[in-house]
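Down below is the structure, laid out as structure tokens.
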Amino acid sequence: MTNRKAPVAKKEPKELVAHNDVRIDNYYWLNERENPEVLSYLQSENDFYNEMTAHTKPFQEALFNEMKARIKEDDASVPYKLNGYWYKTGYEVGNEYPIYSRFKEVLESKEEIMFNGNEMAEGHDYFSMGGIAVSPNNSMAIFGVDIVSRREYSLQVKNLETGEIYPDKIENTTGGGVRFNDNKTFYYTKKDPVTLRSDKIYKHILGTSVLEDELIFHEKDDTFSTFVYKTKSKKYIVIGSHSTLTSEFQILSLERPEEGFKMFSPRERGMEYSILHYKDNFYVLTNKDGAFNFKLMRVGESNTSSEHWKEFIEHREDVLLEDVDIFKEYYVLSERENGLNKIRIIRWDGSDAYYLPFSSETYTAHVGNNRDFDTHILRYSYNSLTTPSSVIDFNMVTKEETVMKEQEVLGGNFDKENYLEKRIWAPAKDGSKIPISLVHHKDTDLTKDTPLLQYAYGSYGYTIDPYFSTVRLSLLDRGFAYAIAHIRGGEYLGRQWYEDGKLLKKMNTFTDFIDCSKYLIKQNLTSAQHLYAMGGSAGGLLMGVIVNMAPELYNGVIASVPFVDVVTTMLDDSIPLTTGEYDEWGNPNELDYYNYIKSYSPYDNVIAQNYPNLYVTTGLHDSQVQYFEPAKWVAKLRELKKNDKLLYFDINMDAGHGGASGRFEALKEAAKEYAFLLDLEGKIVL
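Right under this line is the structure:
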């Protein structure tokens, strides 16, 4: 390791005033993306990181090759059938991007290559395809492409029979479109070019000028986003509007399109709902009337507003109803009870109802891609912390299941019996019990000397279920344990678990994570000298808070694309996605929320103290957490931290929020993270 001096960002004090409170931001100038001085500073951080970690580069390469060797390079998805064709996504050996293909009627027919992502990505540092939508007559497909990594897709149409790409090109969309039944008309969603909020639905007719496209709907409330889709019954096109707390839908009958879109049920503050169509009814998944864990309602096609909804499945205080899937003879409920996924299958006529049997406490089971309406086959996926993922076709009539695909772990030495998994419960400071999913190699004894990586997210009600990872094996096989802390802010224990970790209760998210860390240490499963923490995006915010509040608990922390300048970002409604976040974090234009957010915002709470070793990442083109948030945070940490622990800032100058594109480039990023951890543990061995 060299003794190179860390970069020092210049200080240009800027007064930020709100509610008569003055904050001084010495590094606000780093917001200037096009400023050569900013780019030069970012490059100096990259140079510092690369020089300081030069001794780990051969090990990073070895880790990358090890991770890559576990992956079946010529892998493919399990095909699914839709409208007379079987569709699959596959990879070729050595290639980064998928190939999308189809087979007419039977899988033995000639393969038709629809899109080759590798050819389309040539010449681009970043490449991502949006949703592919095939026309009802199977001759054309809408597709979207992002080559910048800001999730702004250019939309085009390809003739699947001739290979021709039509000149119609629509910029700044969400990717993908919804076909009308006439095969030439489709709807798409555009984004505001500044905030990147999805705010407009347009109708385009193939062969006409984009400038002539008809604006169908404009979502003017800047706390909402909009989207469009076709029901599984293919009878309706639906326009949805949603914020964190509120939903609204409009429907267009494809049997009577001349009638235009009609309001399904007007938005009511705090009421969320989603809709499915079956026969002559809509089924509504909703939290109406205080059903915080959601219930299922039914309503006829003619009068759809909420006063006409009739209860179909009642609300349960101990079971979260997460989703519903509809088939001709069955409907399938995705539930969560005591943190565990459950799949319940029920015949429409009520003659049969049962749950799929799962026995572990550290598994994940999800209903999969079920495009076919008239079938007895339910496709679902299953995996656990120790069990690779399987795609399973389950016959809902005979109750027989067929494993369509088991994830192959190559490399020759994987045996799931070599790993142990369990769920434990940590006490929170307020008496709540926080679940932790834990996995380690059977030869790794859990003691105070065991290195342990604790991971969490904890926002937006998004639940990190226990899942299998071939990449993670590179840690487990080197003596690390791995823990997922199911903290408040997610929905692991139901909707209330989320409500208790947002807005003016957000601090629970952070203290839960810290309490989990204290419990792991108290139980001698690790120690502060060997405990590591990791989180990204809103989970990166979590990392920023815990290193301010409890830096003594961790030897190292990885903060990926971290949301750390919360007050300033949430006060700037020109920054992408800000206004839609008010219901999650609160609106700091209101004094109570301003003071509360300021009390935990990582950038605002950096102080002169010892900090753990830190590895921070970002992408220059990130549209969700702008690069300048971690840039300013790192600069302030460098200024104020009192010890000489590591502080690395790694900026991908070509990527955005999701990191590098391509399946192998992502492994290189994981190899960097793991090399950071293993270097701190003295476990770099080639």
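As numbered in the working numbering, the sequence shown has no gaps in its residue numbers, which increase by one up to the final residue, 691. Ideal Cβ positions, reconstructed from N, Cα and C, are used throughout, including at glycine.
Y460 is bridged by DSSP to I489, M539. Taken atom to atom, the span from the alpha-carbon of K195 to that of D226 is near 15 Å.
Taking a contact to require three or more Cβ pairs closer than 8 Å, the stretch 332–339 and the stretch 479–492 do not qualify as touching. In the pairwise beta carbon analysis, the stretch 437–448 is classified as touching the stretch 514–531: at least three pairs are separated by under 8 Å.
Linking E66 to V566 through their CA atoms gives a straight-line distance of about 23 Å. For E589, there is no enclosing beta strand (DSSP E); the residue is found in the alpha helix (DSSP H) stretching over 587–590.
Collapsing the DSSP output to three states places N286 in a strand.
Taking C-beta atoms as the reference points, L390 and P471 count as a pair closer than 8 Å. When the alpha-carbon of N31 is set against those of D151, V183, S154, T573, the nearest one is in T573. Y234: member of the beta strand (DSSP E) spanning 230–235, first to last residue.
Bounds of the alpha helix (DSSP H) holding L47 are 41–57. By the C-beta criterion, the stretch 146–165 is judged to be in contact with the stretch 112–122, since at least 3 inter-stretch pairs fall below 8 Å.
Residue environment analysis places Y360 among the exposed positions, since fewer than 16 neighbouring C-beta atoms fall within 10 angstroms of its C-beta. In the displayed model, S522 falls within a helix according to three-state DSSP.
The beta carbons of N36 and F633 sit about 5 Å from each other, so the pair counts as a contact at 8 Å. The beta strand (DSSP E) runs of length 3 or more contained entirely in the stretch 358–388 are, from start to end of the chain, 358–360, 368–372.
Sequence-distant partners of N292 (beyond 5 residues in either direction) whose C-beta falls short of 7 Å from its own C-beta, in its chain, are M276, E277, F299. Sorting S310, E319, W353, E312 by C-alpha distance to the C-alpha of D330 places W353 at the top. Counting C-beta atoms within 10 angstroms of its own C-beta, G128 has fewer than 16 neighbours from the protein chains shown and is therefore classed as exposed. In the structure shown, K16 adopts coil according to DSSP, grouped into three states. Judged by beta-carbon spacing, L576 lies within the 8 Å limit of N594, meaning their Cβ atoms are closer than that value.
In this structure, the straight-line span from the alpha carbon of F132 to that of I104 is close to 13 Å. The alpha-carbon of V396 is positioned some 49 Å away from that of N40. Secondary structure of I104 (DSSP, three-state): strand.
Counting every other CB atom within 10 Å of its CB across the protein chains shown gives R9 a total below 16, marking it as exposed. Beyond the five residues adjoining it in sequence on each side, H381 comes within less than 6 Å, by CB distance, of N400, M401, V402 in the same chain, given in chain order. Put simply, of R261, K62, N51 the residue whose alpha carbon is nearest the alpha carbon of K677 is K62. By the Cβ-count criterion, A358 is exposed, with fewer than 16 other Cβ atoms from all chains shown falling within 10 Å of its own Cβ. Counting along the chain, M575 sits inside the alpha helix (DSSP H) bounded by residues 571–576.
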